[in-house]
Structures are given as C-alpha cells and as structure tokens.
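**Student:** Protein chains in written order, with the working numbering: chain A, 1 to 335; chain B, 1001 to 1335.
1) Using the C-alpha atoms, what's the distance from residue 1139 of chain B back to residue 1307 of chain B?
2) By the 9 Å beta-carbon criterion, what residues does the stretch 1040 to 1060 of chain B contribute toward chain A?
3) Given a threshold of 16 other Cβ atoms within 10 Å of its Cβ, counted over all protein chains shown, does residue 1207 of chain B qualify as buried or as exposed?
4) Can a CB atom of chain A be found closer than 9 Å to the CB of residue 1073 of chain B?
5) Per DSSP, what kind of secondary structure is residue 1123 of chain B in: helix, strand or coil?
6) Would you kindly check if the distance between the Cβ of residue 1143 of chain B and the Cβ of residue 92 of chain A is under 9 Å?
7) For the stretch 13 to 89 of chain A, list the beta strand (DSSP E) runs that are entirely contained and at least 3 residues long, ordered along the chain.
8) Are any of the Cβ atoms in chain B nearer than 9 Å to that of residue 94 of chain A?
9) For residue 1112 of chain B, does the count of other Cβ atoms within 10 angstroms reach 16, so buried, or fall short, so exposed?
10) Figure out for me which residue from B:1026, B:1151, B:1128, B:1042 has the closest Cα to the Cα of residue 1211 of chain B.
11) Got a sec: is the Cβ-Cβ distance from residue 27 of chain A to anything in chain B below 9 Å?
12) Does residue 206 of chain A get closer than 9 Å to chain B when you measure Cβ to Cβ?
13) Taking Cβ-Cβ distances shorter than 7 Å, what residues in chain A pair up with residue 1333 of chain B?
14) Under 6 Å Cβ to Cβ from residue 234 of chain A, same chain only, skipping five residues before and after it: list those, please.
15) Near residue 135 of chain A, which residues of its chain fall below 8 Å by C-beta distance, leaving aside the five closest residues on each side in sequence?
16) Check whether the Cβ of residue 145 of chain A lies closer than 9 Å to any Cβ atom in chain B.
17) In chain order, what residues of the same chain lie with their CB nearer than 7 Å to the CB of residue 163 of chain A, ignoring the 5 residues before and after it?
18) If we count the other Cβ atoms within 10 Å of its Cβ and call it buried at 16 or more, is residue 1216 of chain B buried or exposed?
19) Give me the Cα-Cα distance between residue 1248 of chain B and residue 1287 of chain B, rounded to the nearest whole angstrom.
20) Rounded to whole angstroms, what is the Cα-Cα separation between residue 259 of chain A and residue 179 of chain A?
21) What in chain B is Cβ-close to residue 220 of chain A, meaning under 7 Å?
22) Indicate the three-state DSSP secondary structure (helix, strand or coil) for residue 1320 of chain B in the structure shown.
23) I'd like to know whether the C-beta of residue 154 of chain A is nearer than 9 Å to at least one C-beta of chain B.
24) With residue 1202 of chain B as the anchor, note down where its alpha helix (DSSP H) starts and where it stops.
25) Based on the DSSP output, what are the partners of residue 1143 of chain B in its beta bridges?
26) With distances taken Cα to Cα, identify the nearest neighbour of residue 79 of chain A among A:200, A:41, A:56.
27) Do the stretch 1238 to 1256 of chain B and the stretch 1281 to 1301 of chain B touch if we need at least three Cβ pairs shorter than 8 Å?
28) State yes or no: is the beta carbon of residue 1181 of chain B nearer than 9 Å to at least one beta carbon in chain A?
29) Within 9 Å (strictly less), CB to CB, does residue 1031 of chain B reach chain A?
30) Tell me which residues of the stretch 258 to 278 of chain A have at least one Cβ-Cβ distance to chain B shorter than 7 Å, keeping chain order.
31) Could I get the ranges of all uninterrupted beta strand (DSSP E) runs contained in the stretch 253 to 290 of chain A, with 3 residues as the minimum, in chain order?
32) At the level of alpha carbons, what is the spacing between residue 3 of chain A and residue 1106 of chain B?
33) First and last residue of the beta strand (DSSP E) that includes residue 114 of chain A?
34) Reducing DSSP to helix, strand and coil, say where residue 1249 of chain B ends up.
35) Which residues in the same chain have their Cβ closer than 6 Å to the Cβ of residue 1141 of chain B, if we skip the five residues on either side of it in sequence?
36) Measure how close the beta-carbons of residue 1169 of chain B and residue 1294 of chain B come, nearest whole angstrom, since I'm counting them as under 8 Å.
Have a look at this one:
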C-alpha cells in the first residue's frame, strides 16, 4: 500500500478495496463484518438502543487517547447511558488526501482494541477521501446498536427529588488535555484525557441497582451542562455540593490559572448518574469496584423540588450560588 | 436563530440545543426520535441489516438532488440490497462555520422528505461544527438498520452461471451530472442525477421472486465496478451485452465527447440484480411496474462459468472484448 492516502483510495475501485482489505478488515476482523452493502446481524433480544456520534477532535492524537479510541468510547458510552450492552458498531471515515497511512493504521488499531475491550463488533464501514484542504485530517462517525438491559428504565426526564447525583470520576480531564495540546497558553501540565469505555461499570451498577433513574455522559459542555439538561428535562432543581466535585490537581491548577470552571470542561469517560438517595452509597461502592475507570466515583449533589430548572451550588462557606448556565465549550473540535 | 452556523452551534450548549430543536427535530419529528444519548427502539422481528455511509458530495446541490436526499437514498439502498426494509436511520453532520442556515434547512428538509417517502424513521443524530476551512461545507453520515425479508437470501457471493443480470434503469446519470456541475469542461447538457430510494421496487421484486441472488447498488465506480466485484466474490464469469446497457442520450453525448465509459460513471438510484435466467423477464416486468424510478429496468448480460473473475463485453459486431477492469471514479467527492 502507498504510505499516504490518495484520492484513489476513496474512489470505490481497486485501491479502495486494498485499503479496506489491508487495513480495516485486518483489524476489525469478526464473523459479522460485512463484505456486502450491509451487515446481516441478529437483532437484540429485547429493546434496542441506537446512537450515532461524529468525531472531529483536533489534534487527533492527545495524551490518553486518539480519535480512534474516542470514536468507540463515545458511542459505547452513549449506549451505556441507556443501559444498553453495545453489540454492533459501524464506522464511516472521511480522510484528507495525503493523510499518512501509518497514522491511519494507529487510529484503526485503537478502534479495534477499544471495541475488543468492550466486546462490541465493528460490522460495517465506509471510507471517503476528500481533497487536500477539504477536510482537516480525519473525521470518524460511529453508530452503535445495543441491547437494553431488561431492568433498565433510564431517561433524562426521570430524575426525581430525593435522588442523589454521582459522577464516576474527576471531571474536566479531556477538555483540559485538548486545551493544553492546542498550546495556546504556553503552559505545561501532566494531564491525560479520561477517554474510556464505560459499559462494564454501568452493567454492574444496573444489575445491582435497577432503580437508577438517569445516566448521561458528560462530553461536550461537561458535567455542568448535563446537570442543566437534566434539571430542564426532569423539571427539577439540582443542588450541587461544590466541595465534593472531584477535580485532579493538574486540572485544578490549569483551570485556576485560566479562570475556567472544571464543571464546564469536557469529559470523555465520566458519567453523571441519578439514583435514589438510599442507594447512593451502594452505587458508589459498585462503581469503584467495577472498573479502574470508575474508581473515583463520588456523590456530588442531590435533586430538589425547588428552583426548578436550575443548578444551585453550595459552597464551603455555607452560602448558595447559582452555577452559571452553560454557554458551551470554550474550544471547538473537543471531540 | 442566526442565519449562519457558528462554532457555538457545535459546542454542546444552548445554541446546539436551539439548532437541534429548531431545525432537526422540526423536520425529523417522530415518536422514536430521541432526546437522550441513544434512541430506544423495537428491534426487527427477524434478521437485521446495518449499513453506514458518509456523504461528502461536491457541490452539495445538483440537478436531481442534494447531499441530504443523497444521504438517505444511499443508506436506504444499501439496506435494500440485502433485502432489508429500512426501519431506523441515524445521521451525523459535520458543518463548516459560516454555513448558511437556510441551505442547511433545505438539506434537512430533503432528508425528511426522502425518509418519509420510504417510511423510515430518523431516530438519532449528532451535530459537529468545524472551523472555517476545516471542512468543505457539510458532510453527512447516515447509518441505517433494517428488517431483512424472511425470503431474502442475498449476497455478492451468490451469483451463479445461468443467472441473468439486470439494471434498474439507464446508467451513469449521477456521475455525469456531478461532472458537468463541476464545470470543468464548458459543456452544457440537461442531465439530472438518478438519485432515488429503491426499497419499494426491491420489496416487490423479492416478494414475487425470492430466488434473486444478488442486488448491489452501483454508486462509486458505477455498474462496471459492481460487475467486477460480483465476478470476483462469486467466482464466476460475466458476459455483458454492450448494446442492451441503457444509457440516456445526454449521458451518451457527454461521455462520447469526453471519451468516458458510462459503465464506470456513478449512479445513485440504480441497482444491479442477478436472478435465475428463467425469472428474468418477470423481474423486469415487476421492476418496471413497481416505481417510476425503475421503469427503465433491462437485462444487460448473463453469468457464465468461463473467464472467471472477468467481464466480457459482446459488441454489436459480434466480437467479444474485455471490459477494462475498474480503476475507480475519475472524480473525487462524487457522493
């Protein structure tokens, strides 16, 4: 194969076949991977979840991951948020002419490794090539289909007063990592992205505590945006204990210097979970035991029946203040 | 809403919600469209087909369609090629900062109209915005899930000597249309893309003739590439009757002047179908009656047991010649 992607790799002829056979099929190999126009699959036994996500992160490689790993984690986590076991994933790549073949191989390898870790099959794909300057590097869209656990009854509209609110680990790592990689601030800090697939901890949690009301992954917009979304969709108030929100020292340092709120930095391996208060301690324990990616699980707040649609922060001084409503990520192309 | 797409529309906050609510949900409205991380769906009763396709066509609007219509047709047709009724589609858009909102609305409207025509629901989506110059206009990836008809047993590997080969209409329209739109040749001709969703004619065909062996849509690479693919995958020879390949006058004129082979120009609404010879006339009749998009159905050749892996063309002079093997589309970003 060439050492760079050419327009012919996207033209549907011989070189497209060689790219698919020599690279994608080599890493994605499984009995359900199709050579036809669509994969033929066994549908899930019960309710089915379907989710899609486009990934355009810049830079494509960052401490803790790359766009390939991210593209599998993102869709796996979206399925997990509905209590769904990821079964099948499709991926569509748009690649810039001249993109290095060995970089592409590293991305595809990361996708395969992450999928294998979760036990999800990549069954179908598509490759397009755009001319130099018509796409910045590589964009990947993944779509996942999953089998919803019979016990799971999850929705952003199901939060109830009396629910405790958990996060599965320290917040803001992914956003902070990308921020530093863009190198706009001349700062150096050892931060790695939290990018991780979270199906297994969700499975363990719902298996033991089917009463979980809401799970949402805090990607673009961070935990703060998720809290406002749920307050709105469930028509409840949220009271956040600012002190208990886990933030690692490096992220605290960087955000402190730049005057940023870690609650509004993107995560790519953190879930926000709403569960009846009496189950909250159990939930924390289960999550901490379930996976190295959720050992930092903590209770960060509760759902109330006042200040509907708002997120109130209790500070260490005992005062209360409104968490400023979300205005979106400060950086484009975070994921 | 703003009249142009801004980076904030892709930031996951308030403006992303407004774009999704004010545009995508308005047109895609259906009971299964999710507000959560994944849609909750009823899986198909039998075997399930899953297919994904990225669309980067340039220009995004062309005679006979636009990237929105194309993005639904492409995935619907990939499912149809496996004999699958399209049930659910997800879509992921990457949009360039500054993209006109009314153009986006026209694209989304075309997606909704095409989906409605087929009876498929758009259930899940994602919107990303890349900075000016980081993506050329708009790229759309659609993924479809379908229910495979119990009778259908289709694969590119199932062609057998004695099969007749059909196309569902005149070839090369889409490729020729895009070629002329790029305006490199200073030619004017009234050609429109064949872009069309073909589930209904496939359904009618398989309902009456379950013995169909192969269906493949001739997109990138055209009918010629499909014939070589099937010859290879099924380990058969193919004999093409050059005279019987339908080509409209406009496409014949343009390709004649440019020295191009219409068999290698992309279609976006044409299927190549392999069916036992004794059912071929019935198949043509069914297709012609099934839809205005397949009235041009015709038998163009047959499967043989010699010259395995090759496509031989019989010419009007009674001589035989090899169809040159595919080398891919002459134009990038055809779909």
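The beta-carbon is built from N, C-alpha and C at its ideal position, and this holds for glycine as well.
For clarity, every value in this text was computed on a predicted model and none was experimentally measured.
**Tutor:** This is what the structure gives:
1) 41 Å
2) 1040, 1041, 1042, 1043, 1044, 1045, 1046, 1047, 1048, 1049, 1050, 1051, 1052, 1053, 1054, 1055, 1056, 1058
3) exposed
4) no
5) strand
6) yes
7) 39 to 41, 48 to 55
8) yes
9) buried
10) B:1151
11) no
12) no
13) 130
14) 157, 159
15) 94, 95, 96
16) yes
17) 213, 274, 275, 276, 277, 302, 303
18) buried
19) 18 Å
20) 13 Å
21) 1011, 1012
22) strand
23) yes
24) 1199 to 1208
25) B:1052, B:1090
26) A:200
27) yes
28) no
29) no
30) none
31) 271 to 276
32) 40 Å
33) Here residue 114 of chain A belongs to no beta strand (DSSP E); instead the alpha helix (DSSP H) covers 101 to 118.
34) helix
35) 1054, 1092
36) 6 Å
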